[in-house]
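Here is the structure we will look at, set down as structure tokens.
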Amino acid sequence: MKTQHSSLSRLIPLLLSFIIIWAPIPLGSNRIWAWSILHSLIAVAVLLHCVVAFQQRQPLWRERWIGRFLAVPAFTALYMCLQWLDVIPGLSSADAYHTAMLAQRTFYLLLFLWLLCQYTDSVARMKAVLIAIVTAGCIQACYGSMINLAGLEQSPLFGVIEADKARGSFVYQNHYANYLALCLSMAIGWMISELNVDKVSGSRKAKLREAVSTLLSAKMLLRLAVIIMIIGLILSRSRMGNSAFFVGLGITALLAIFCYKKPPRLLKPLVLSIFVLDLLIVGAMFGVEKVKQRLAETSFAGETRDEVVLHSLPLLQQHWLTGSGAGSFYTVFPAQQQGVYTGFYDHAHNEYLQFSIELGIPLTLLLGAWQLYALWLCIQTMRTRNTRLYKGVAFGAMMANLHMLLHNTVDFNLQAPANALLFVSILALSHLAYHNPQPQRTGSGL
1 MKTQHSSLSR LIPLLLSFII IWAPIPLGSN RIWAWSILHS LIAVAVLLHC VVAFQQRQPL
61 WRERWIGRFL AVPAFTALYM CLQWLDVIPG LSSADAYHTA MLAQRTFYLL LFLWLLCQYT
121 DSVARMKAVL IAIVTAGCIQ ACYGSMINLA GLEQSPLFGV IEADKARGSF VYQNHYANYL
181 ALCLSMAIGW MISELNVDKV SGSRKAKLRE AVSTLLSAKM LLRLAVIIMI IGLILSRSRM
241 GNSAFFVGLG ITALLAIFCY KKPPRLLKPL VLSIFVLDLL IVGAMFGVEK VKQRLAETSF
301 AGETRDEVVL HSLPLLQQHW LTGSGAGSFY TVFPAQQQGV YTGFYDHAHN EYLQFSIELG
361 IPLTLLLGAW QLYALWLCIQ TMRTRNTRLY KGVAFGAMMA NLHMLLHNTV DFNLQAPANA
421 LLFVSILALS HLAYHNPQPQ RTGSGL
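Numbering (full-length UniProt numbering), first residue to last: 1 to 446.
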């Protein structure tokens, strides 16, 4: 079903894009007041959609696959509610208050995903979502980089201690790095979709014309956006944030070369330029050596995150089936804590372990399968689709997915509402790029 583009139905996609840009601004929406604003914005979008759906007699979802895609997060939200209510023997929470909060946040993420899938039904609307993601990343990168390079001890807006690490408007620099890496992935995917696949004639005039055309096109703006966000990522000094980004880029580029029927002729030079120009030249200017130093100095003797993981394993043995309750790690962990750590740990610093403890291994495996299925759809989109933007979105979404799989082994990125919102939006884009109909008029396919 094609959405009828009434004035109100055109407003809703704009509101969804604004929500994506807004989410990271108030401390990553990681405070009660901040995520309350986020939930209110989503609620307004849902109410507007209900009005449009009633007027136009729209079905619950425009395509059947949307219902299947939303089934897993819907079941997760229901499962959290059952943990909170404690109505089923053996299924309860050690911290009902935090479980209720997590259930509420999951429910609003579900609503946002539903609207995103309903309204991102064309190439133009998918580009609008990409513009929002890249804009959000650039805002964070510019804000974080300027504060860091200015040498300010506290951020001017929220008074967050900087400690020589760029944080943007986030409290935790690794959440900032993760957010930028996700935005970067989608920007690179979009940029690849803009590359030409046809060979330019050997004449100098034709090559000069193409060079000028590139300088005046959106490709140059995207390239500048990528450079800005890479500067912000490097200044975060996040070890896994930087490492996972470049590993994800390398793996995705390698797979794309084999998956694309007709790879863009500048795909390899573009990826190499990101590694060589951005990592070496830009990185040398903005402190990549400090990231390398942190990686070299990393040792199990100096890290306490690995101790938290080891000391959490008994909790997994106790709660492996139904979980201790969403958001209850901070409540159940002190009973297993052995000694005093050098930092404050209210999360496991390993999302796989924390999800397994709080929700149980079966549901964690289901969520993992949901994420991996999106990864498989990205590969299929790059292999089978002809729309350049959809293939580029699949490239970016796969890169973001791989980054998250790696980064979540040492951090708790999905506990930040802004990061969670962006990541599930990227998973939705993976499905949309695969399922959306072919546009009536397209450029040369890839």
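Heads up, the beta-carbon is just placed ideally off N, CA and C, and yes, glycines get one too.
- In the three-state reduction of the DSSP assignment, Q58 falls in the coil class, being assigned neither a helical nor a strand state.
- Just so you know, the alpha carbons of S40 and L78 end up roughly 21 Å apart.
- Its chain contains A374, L377, C378, A397 as the residues whose beta carbon lies nearer than 6 Å to that of S430, once the 5 sequence neighbours on both sides are disregarded; these appear in chain order.
- The segment 316-335 makes contact with the segment 352-362, as at least three CB pairs between them are under 8 Å.
- Taking 8 Å as the cut-off, the beta carbon of L113 is found closer than this to the beta carbon of P73.
- By the Cβ neighbour-count rule, P437 is exposed, with fewer than 16 other Cβ atoms within 10 Å of its own.
- The segment 253-264 makes no contact with the segment 161-179: fewer than 3 CB pairs, one atom from each, lie closer than 8 Å.
- Around the C-beta of V51, fewer than 16 other C-beta atoms lie within 10 Å, and the residue is accordingly described as exposed.
- A check of alpha carbon separations from V247 across V271, Y352, G137 identifies V271 as the nearest.
- In this structure, the alpha-carbon of L421 lies about 47 Å from that of R204.
- Here H347 is near F412, since their CB atoms are less than 8 Å apart.
- Pairing I426 with M186 gives a Cβ-Cβ distance under 8 Å.
- Here H319 has I357 as same chain residues with Cβ atoms under 6 Å from its own Cβ, once five neighbours each way along the sequence are excluded.
- If one requires a minimum length of 4 residues, the alpha helix (DSSP H) runs lying completely within the segment 158-199 are 173-193, in chain order.
- Counting along the chain, Q140 sits inside the alpha helix (DSSP H) bounded by residues 123-149.
- Between the alpha carbons of D306 and S238 lies a distance of about 17 Å.
- A straight line joining the alpha-carbon of N30 with that of R265 spans about 42 Å.
- Taking the Cβ atoms as the reference, F170 lies roughly 25 Å from L14, outside the contact range of under 8 Å.
- When DSSP states are grouped into helix, strand and coil, L113 belongs to the helix group.
- Pairwise C-beta distances place the segment 128-144 in contact with the segment 221-236, as three or more of them are shorter than 8 Å.
- Nearest C-alpha to G189 among Y179, G241, P269, L249: L249.
- In the structure shown, Q118 adopts helical secondary structure according to DSSP, grouped into three states.
- If you compare the alpha carbons of A166, I32, L70, L16 with that of L366, the shortest gap goes to L70.
- For Y97, the number of other beta carbons within 10 angstroms of its own is below 16, and it is reported as exposed.
- Setting aside the 5 residues that flank it on each side, I66 is surrounded in the same chain by C117, each with a C-beta closer than 6 Å to its C-beta; the list follows chain order.
- Put simply, of A100, T76, G90, F75 the residue whose alpha carbon is nearest the alpha carbon of W84 is A100.
- Excluding the 5 residues flanking it on each side, G323 has same chain C-beta neighbours closer than 6 Å at E358, L359, G360, in chain order.
- Scanning its chain for C-beta atoms nearer than 7 Å, with the 5 sequence neighbours on each side dropped, one finds around T120 the residues M126, V129, L432, in chain order.
- Take T381, set aside five residues on each side of it, and the residues of its chain with a beta-carbon closer than 8 Å to its own are Y390, K391, V393, A394, S430, A433, Y434, in chain order.
- In this structure, Y179 lies near A418, with their beta-carbon atoms less than 8 Å apart.
- Around the C-beta of Q317, fewer than 16 other C-beta atoms lie within 10 Å, and the residue is accordingly described as exposed.
- Short of 7 Å from the beta carbon of L353, and not among the five residues preceding or following it, lie these beta carbons of its own chain, in chain order: V309, S312, L316.
- When secondary structure is reduced to three states using DSSP, I20 falls in the helix class.
- Nearest neighbour of C81 by Cα position, chosen from A103, L91, W61, turns out to be A103.
- Under the DSSP assignment, P73 falls in the alpha helix (DSSP H) whose first and last residues are 64-85.
- Nearest Cα to T252 within the set H403, I19, N386: H403.
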